Every structure is written in C-alpha cells, then in structure tokens.
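Here is the structure we will look at, set down as structure tokens.
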Amino acid sequence: MADDTPDDDTLKAADAKTLHKTVRESGEDELRRPAMQLFWSALAAGIAISVSLLTEAALHAALPDTPWRELVTGFGYPIGFLAVILGRMQLFTESTITAMLPLVTRPSRWALWRTVRLWGIVLFANLCGTAIAGLAIAQGVIGNEEIRAAALAISSSITELSAGRTFVNAIPAGFMIAILAWALPNARSQSVLVIVAFTYLLVIAGFSHSIVGSSEAFLLMFAGRIGVAQTLFALIAPAVLGNLVGGAGIFAVLAHGQVRGEMPQGDDA
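Residues 391 to 659, numbered by this note's numbering, are exactly what the sequence shown covers, in order.
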C-alpha cells in the first residue's frame, strides 16, 4: 500500500542556496525568451496591473470619507499583482532580481546584454499597457464617473512628491518586490497570502512602485491634470530608477552575497 505521507523534503522550506538557484534559473529562462514573447507578456502585465488602481478606486468610491478609508482601499492594491504574478506575466519590478542573479552569478557580455534587453522590452511594454489603461479610465471607457473621480483622487497623491523624493521612495518598493520574488518559491500554497501581505504593506506605507505609479501618472496626464514632461521625467523615471536600485542593486547583491561562498565555480546545480 502506497504511503500517503508527504516526503519530508517537500515539507521543508528551501534554504538560501536553493532559493538562489530557483530564482536564477527562472531569470535565465526569461533572458532567453524571444523579444516578442516578452513584449506581449509585459504589455498584458501593464494592463493587468492597472486593475490595482481600478479596485482601489471602486473601494474608495463605495466607502465613506473616514480616517480608515485608505486602509480599506489599500486592499484593492494587491489585486493587480495577483493577476500578474499568478498569471506569470512579465513585470519590470519583479525582473529586477530574476534577471540580475544570472548576471552577478556568471558575469558575461551575453548576460549583460540580455539583462538590459529584458529590462528595456519589459519596461517599455509595461508602460504601454499602463498608458492604455490610464487612457481608458480617463476617457470613461472603464468604470463609471464615480470610479473615475476616485481614481483621480487616489492618483493625485503621487504629484505631492518631488522627483528626488520619488526616487528615494521607490528604493524600498524595489527592495520589497525583490523580496517577494525571492520568497515566492517557498510560499507554495500560501502564495496568495504572501503577495497580498507584501503589496498591501507597499501601498499603506506609501512607497513608489514604478509600474502601478505609471498607471496613475498616465491617468492624470490623459485627464489633463499634468503634462507629458512631468509624467515621464518627474514621476515615472525616478520611480523606475529607485526600483532598480532597491531590487537589482541592494537586494540582488545581498541575496547573491549570502550564498556566494557556498557556490562552487561553474556550479550548474
């Protein structure tokens, strides 16, 4: 009779070296993907991540103006991330660590070029997707007038930060999304809870996420609240750079550094 007891190895949480290998191999697969596959996946992710703003707006419109409204509205923020991450779409901030680990593990011109290529394609396509969604909300194609007004009210908060402050504010966001990408292989059946916990903290702490923030920026731009230059250079670009520093810079280096001494040269395991 077969033993139905789960194997002990399946119950153990992966150690840092195993997590490094899992995330690194995922990144290597992403680096090898054809450009058009990356583009369409990232375009879908840009549109899907905008569901975060829509869900927040729907909650905001339905709730009374009370001190706790923002805390409840924040529960809409993880919805877009759930759609993108569980749907295996290409999100720029998640790729900051997955693409970086192959580069720091085996530095080469090929890895450097492929990393820059991946980030360029995914970021451009993500922004195309959020621009489409932002235009649709601004024009009333998606949602009613109450949701549109709520989305504009939520989005207006990003204009309160200077470009420098947005950059600094985006560093912890990039760091946290990198942690999320690192932790997910260990989450297993609790993936939804982990995604919700990390992204909810992101929004209630007010950190700047470049892709969700771009959907807010494009909405304000298409609604005539801000100009093109402010949208691209004062709001989106600083958030992108901050996310890169937090994810590809700080966390990827720390994640690699903790296992570097345990990895034999040429380790393909």
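Even glycine gets a Cβ: it sits at the ideal position worked out from N, Cα and C.
In this text the structure is predicted, and so the values were computed from the model without any measurement.
Distance from the CA atom of PRO457 to the CA atom of LEU591, rounded to whole angstroms, is 17 Å. When C-alpha distances from PHE429 are compared across GLU606, GLY470, ARG496, ARG507, the shortest belongs to ARG507. Taking the Cα of THR463 as reference, the smallest distance to any Cα among GLY510, ARG538, ALA473, ILE544 is reached at ILE544. For GLN529, the number of other beta carbons within 10 angstroms of its own is below 16, and it is reported as exposed. Taking C-beta separations shorter than 7 Å and ignoring five residues to either side along the sequence, the partners of ALA473 in its chain run ALA438, VAL441, following chain order.
Under the three-state reduction of DSSP, MET479 is assigned to coil, being neither helix nor strand.
The Cβ atoms of VAL531 and GLN480 lie no closer than 8 Å to each other.
The residues SER485, ILE487, THR488, ALA489, MET490, LEU491, PRO492, in chain order, have a CB closer than 8 Å to that of GLY417 in the same chain once the five nearest residues on each side in sequence are set aside. By the criterion of a C-beta distance shorter than 6 Å, GLY466 is surrounded in its chain by THR445, GLU446, LEU449, once the five residues flanking it on both sides are discounted. For the 8 Å CB-CB criterion, LEU461 and ILE594 form a contact. Between the region 566 to 581 and the region 614 to 628, the count of C-beta pairs closer than 8 Å stays below three; the two stretches do not touch. Under the criterion of beta carbons closer than 8 Å, THR495 and ILE601 do not qualify as touching, at roughly 26 Å.
When secondary structure is reduced to three states using DSSP, ILE616 falls in the coil class, being assigned neither helix nor strand. Under the three-state reduction of DSSP, ILE532 is assigned to coil, being neither helix nor strand.
Using a C-beta cut-off of 8 Å, the region 498 to 506 makes no contact with the region 407 to 414, since fewer than three inter-stretch Cβ pairs fall below that distance. In this structure, DSSP gives TRP458 a state outside helix and strand, which the three-state scheme calls coil. The beta carbon of CYS518 is closer than 7 Å to those of LEU433, GLY436 in its chain, skipping five residues each way along the sequence. Of all alpha-carbon atoms in ILE567, LEU453, HIS646, the one lying nearest the alpha-carbon of GLY632 is that of ILE567.
The alpha carbon of ILE537 has as its nearest neighbour, out of LEU609, GLY477, GLY637, the alpha carbon of LEU609.
When C-alpha distances from ARG615 are compared across ALA539, GLU420, VAL635, the shortest belongs to ALA539.
Separation of ALA553 and ALA560 (C-alpha to C-alpha, rounded to the nearest whole angstrom) is 11 Å.
In this chain, the alpha helix (DSSP H) harbouring HIS450 covers 441 to 452. For VAL635, there is no enclosing alpha helix (DSSP H), as DSSP gives it neither H nor E.
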